[in-house]
Ligand code: PMP
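In this note's numbering, the protein residues as written are 535 to 895.
The following block contains the structure:
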């Protein structure tokens, strides 16, 4: 039983069972008499754990052998810049499909390292829908196409993987990785900050097709080059050992619960319940995203009168429902429904929302 229901966008709720296991193992991990945080990443125990975490992720996502799996640092934001450094030469251009705040940030960070072509953007529509596919200005000479399958702030999600032909597709899956099955072979590179569906912040998981690691990119320090990390099993320098360990526990938790397909079913049911409550509230609550582009992970919503926002937040916290305040870029509320948020939490939220609307409608 959770003390509270946590709807934070990230760092976000972790599976209760994972936290309990970490607590049990904190002072004596794996019979070592020490915590996992206190031991060398070069030690036998840690190396075995790290390899198992990678193997579990490979199994969960059915990652083909011609992809490397990296456990990196720097947050997704650092990789907004590092990806073009690795995949593009100084004269190259890359296509960006922008569907919200994080896609815009990816463009800003990439711009010093690659010629950015905004192939499509939802900006003109207030990021309330995906730019229609027929209008995308993809350049066949682009060295990659970057997009954000799920926009955490705007609550806009792709229902499928866009077809971009032969150009490698690069996806910032920070807020959707492991929430539903994906065909990894459709991508050149997938990356995700861990602090939503994987573990604590400070860890980035990257899945990259090995042929892309052979690209020369531009001159850069060795520590920035993905091929170097791949060649050293992500132990070029000291990795985030605690993050890697917790990610491994989360992968085991996922496997024990039917894997990603089972999560997708749960996530669909959770999102459906919340969107139904919003749409059925007679206008008391609203979500402005075109229904086909609505996110299953992050559900932003507004109250019909923003003067009620403060009361909503105060009363929801008192009812044990935490972190519902929306991002300042869009205002209102946001409920994030990552894998570790159970259906029961969404049921409690929906019951609270109905009660609040009855009292304030
Ligand atoms: N991309 C997406 C989709 C995100 O949701 C976030 C963070 N919420 C980021 C990138 C930035 O991640 P970080 O803070 O790890 O750099």
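Beta carbons: idealized from backbone N, C-alpha and C, even for Gly.
With respect to the C-alpha of residue 865, the residue from 825, 850, 820 and 851 having the closest C-alpha is 820. Between residue 661 and residue 690, the gap from beta carbon to beta carbon is short of 9 Å.
When C-beta atoms of the region 777-793 are compared with those of the region 729-744, three or more pairs fall below 8 Å, so the two segments count as touching.
In the three-state DSSP reduction, residue 777 falls in the helix class (H, G or I). In the displayed model, residue 647 falls within coil according to three-state DSSP, outside both helix and strand. Near ligand 1, meaning a beta-carbon closer than 5 Å to one of its heavy atoms, we find 544, 609, 610, 611, 636, 686, 706, 708, 709 and 727. By DSSP's assignment, residue 662 forms no beta bridge with any residue. If you keep only unbroken beta strand (DSSP E) runs of at least 3 residues inside the region 592-633, you get 601-606 and 627-632. When the alpha-carbon of residue 681 is set against those of 746, 636 and 700, the nearest one is in 636. Spatial neighbours of residue 586 in its own chain (CB-CB distance under 8 Å, excluding positions within 5 residues in sequence) are listed in chain order as 782. Within the DSSP secondary-structure output, residue 723 pairs in a beta bridge with 704 and 742. Under the three-state reduction of DSSP output, residue 784 falls in the helix class. Secondary-structure assignment with DSSP links residue 543 through no beta bridge to anything.
In this structure, residue 702 sits near residue 746, with a CB-CB distance shorter than 9 Å.
Sixteen is the threshold: since fewer than 16 other Cβ atoms of the shown chains lie within 10 Å of the Cβ of residue 557, the residue is exposed. Exclusion of the five residues before and after residue 664 leaves 633, 656, 690, 692 and 827 as the residues of its chain whose Cβ lies within less than 7 Å of its Cβ.
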